[in-house]
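*Asks:*
In the working numbering, the protein residues as written are 4 to 413.
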């Protein structure tokens with residue numbers, strides 16, 4: 004940690020001790036809701052006649068909404084507070100779930116994903132900033148546990164959705180109904196939350212491009228490359244990979260699909276928690292190198308058609324993904340100034356959602372012509388090259404790059 008090590012304050016400065024756990028639960032809910040349709044995509048494909056391009060478009064619409072949120076909610080929450088943004092976002096998530104619950108046409112799924120993208124993007128950015136408000140002296144630890152919460156949310160939600168859909172006569176309804184109840188409970192707790200951002204400005208809100216203070220510019224780009232590579236993997240593995248795993252193994256069980264995603268997410272959560280004990284830069288570099296190995300392994304696992312090989316590789320990929328993403332997030336959490344938390348988190352997740360959306364749509368477009376199995380090795384190879392670049396830049400040490408006195412806009 005920088006700047007506060009010699010003047011470390013109390014472990015928790017918020018009047019409600021449970022506020023930290025609530026914010027972690029909101030992060031878990033956010034990524035869990037974003038991944039909720041993932042194990043259901045094969046069911047949609049079968050019942051609604053979806054192809055790879057349609058699946059990736061539904062997934063990518065989420066990224067469009069999230070990008071909008073990432074570019075706006077940071078400055079808004081800095082000005083008016085975190086709580087109003089969180090409450091509004093949770094209500095929007097409820098609306099999206101209701102649309103999913105009763106959807107009968109493609110445009111309804113697209114609308115629900117767009118709403119969820121905006122709301123979930125807001126929850127991730129604002130909850131991340133609020134964690135630093137609640138525990139401002141634990142920047143690195145906040146980054147570790149928040150990253151773990153994000154992936155734990157994916158693991159629990161995907162596995163639960165797969166189980167609910169597998170044994171239900173309404174597989175495209177029950178998972179959303181269950182999530183509705185969970186969101187209502189967290190909304191009630193958020194309404195009872197005392198505003199964590201005591202330094203809110205109350206000034207007139209001016210929406211502008213997310214910006215990064217010049218003194219942390221090189222740190223930001225090191226962390227930004229980490230989320231670019233990690234979330235490009237996340238996008239394809241949450242959209243196209245479930246159906247690909249079914250296709251190559253011949254296994255039609257939704258539990259298998261959910262397990263592939265859940266194993267990856269659970270391993271990512273565990274590795275982020277364990278990785279929090281080590282320097283964030285070194286952790287991120289190790290994760291980038293590990294993702295190269297795991298992506299190459301995924302190519303061979305898919306070609307083998309072995310369920311065991313796919314599960315094992317997903318486990319390893321999740322672990323190294325967690326190191327890459329968690330290390331970059333912890334590094335940024337350590338160095339971000341208190342008065343810039345909202346806008347810096349906006350800029351950071353803006354890069355993440357770009358990485359999640361664009362490669363996914365490109366992969367889906369090409370897969371619709373050549374087949375997912377044919378294009379997957381090319382995608383994995385391209386991301387592996389990007390991971391190598393991230394590792395090299397990390398080793399070169401962008402932290403020591405010269406600073407300028409102006410802010411850098413994205």
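We put the CB at the ideal spot given by N, CA and C, even for glycine.
#1: The alpha helix (DSSP H) with residue 231 in it runs from where to where?
#2: For residue 45, report the span of its alpha helix (DSSP H) as first-last.
#3: Quick one: is the Cβ of residue 40 within less than 7 Å of any heavy atom of the ligand SAM?
#4: Alpha carbons only, please: which of 286, 318, 379 and 30 is nearest the one belonging to residue 263?
#5: Helix, strand or coil for residue 197 per DSSP?
#6: Could you tell me if residue 173 is buried or exposed, where buried requires 16 or more neighbouring beta carbons within 10 angstroms of its beta carbon?
#7: Does the count of Cβ pairs from the segment 265-278 and the segment 294-302 closer than 8 Å reach three?
#8: Relative to the C-alpha of residue 385, which candidate in 350, 338 and 233 has its C-alpha closest?
#9: Pull up the distance between the alpha-carbon of residue 269 and that of residue 156, whole angstroms please.
#10: Which term fits residue 187, buried or exposed, when burial requires 16 or more other beta carbons within 10 angstroms of its beta carbon?
#11: Between the Cα of residue 299 and those of 360, 383 and 226, spot the shortest distance and give me the residue it belongs to.
#12: By Cβ distance, which residues of its chain are closer than 6 Å to residue 274, with the 5 residues on each side in sequence left out?
#13: Helix, strand or coil: which one does DSSP assign to residue 173?
#14: Quick test of your reading: residue 136 and residue 199, contact by CB under 8 Å. State the CB separation rounded to the nearest angstrom.
#15: Nearest CA to the CA of residue 100: which residue from 47, 167, 214 and 179?
#16: Go through its chain and collect everything with a Cβ distance to residue 151's Cβ below 6 Å, but skip five positions before and after it.
#17: Would residue 129 and residue 73 be called neighbours here (beta carbons separated by less than 8 Å)?
#18: Let me confirm a value: residue 337 is counted as buried when at least 16 other C-beta atoms fall within 10 Å, else exposed. Which label applies?
#19: For the segment 110-119 against the segment 20-32, are there 3 or more C-beta pairs whose distance is under 8 Å?
#20: Below 8 Å on the Cβ atoms is my contact criterion, and I expect residue 375 with residue 165 to pass it. Report the Cβ-Cβ distance as a whole number of Å.
#21: Compare the beta carbon distance of residue 258 and residue 355 with 8 Å and say whether it is the shorter of the two.
#22: In angstroms, rounded to a whole number, what distance separates the CA positions of residue 119 and residue 190?
#23: Could you give the residue range of the alpha helix (DSSP H) that holds residue 256?
#24: Between the C-alpha atoms of residue 406 and residue 215, what's the straight-line distance to the nearest angstrom?
#25: Pick out whichever of 171, 363, 340 and 283 has its Cα sitting closest to the Cα of residue 219.
#26: Using the Cα positions of residue 222 and residue 284, report the straight-line distance between them to the nearest angstrom.
#27: According to the neighbour-count rule (16 or more other Cβ atoms, all chains shown, within 10 Å of its Cβ), is residue 373 buried or exposed?
#28: Please list, in chain order, all residues of the same chain as residue 316 whose beta carbon is under 7 Å from its beta carbon, the five residues on each side excluded.
#29: How would you write the range of the alpha helix (DSSP H) that residue 329 sits in, first residue to last?
#30: Would you mind giving the Cβ-Cβ distance between residue 131 and residue 348, rounded to the nearest angstrom? I have them listed as a contact below 8 Å.
#31: Grouping DSSP H, G and I as helix and E and B as strand, with all else coil, what is residue 23?
#32: Give the secondary structure of residue 396 by DSSP, where H, G and I count as helix, E and B as strand, and everything else as coil.
#33: Measure the C-alpha to C-alpha separation of residue 249 and residue 169 and round it to an integer number of angstroms.
#34: Measure from the alpha carbon of residue 193 to the alpha carbon of each residue in 328, 225, 133 and 177, then state which is nearest.
#35: Do residue 36 and residue 123 have their beta-carbon atoms positioned less than 8 Å apart in this structure?
*Replies:* Quick answer:
#1: 220-242
#2: 44-51
#3: The model depicted lacks the ligand SAM and carries no ligand whatsoever.
#4: 318
#5: coil
#6: exposed
#7: no
#8: 233
#9: 9 Å
#10: exposed
#11: 383
#12: 322, 325 and 326
#13: coil
#14: 4 Å
#15: 179
#16: 272, 275 and 276
#17: no
#18: buried
#19: no
#20: So it is not a contact: roughly 19 Å between Cβ atoms.
#21: no
#22: 15 Å
#23: Element bounds for residue 256: n/a, residue is neither H nor E.
#24: In this prediction, residue 406 has a pLDDT of 43, which is less than 50 and means its spatial position is unreliable; what the coordinates show is noted afterwards. Looking at the two C-alpha atoms, the distance is approximately 12 Å.
#25: 340
#26: 10 Å
#27: exposed
#28: 297, 300, 301 and 304
#29: 310-338
#30: 5 Å
#31: helix
#32: helix
#33: 14 Å
#34: 133
#35: yes
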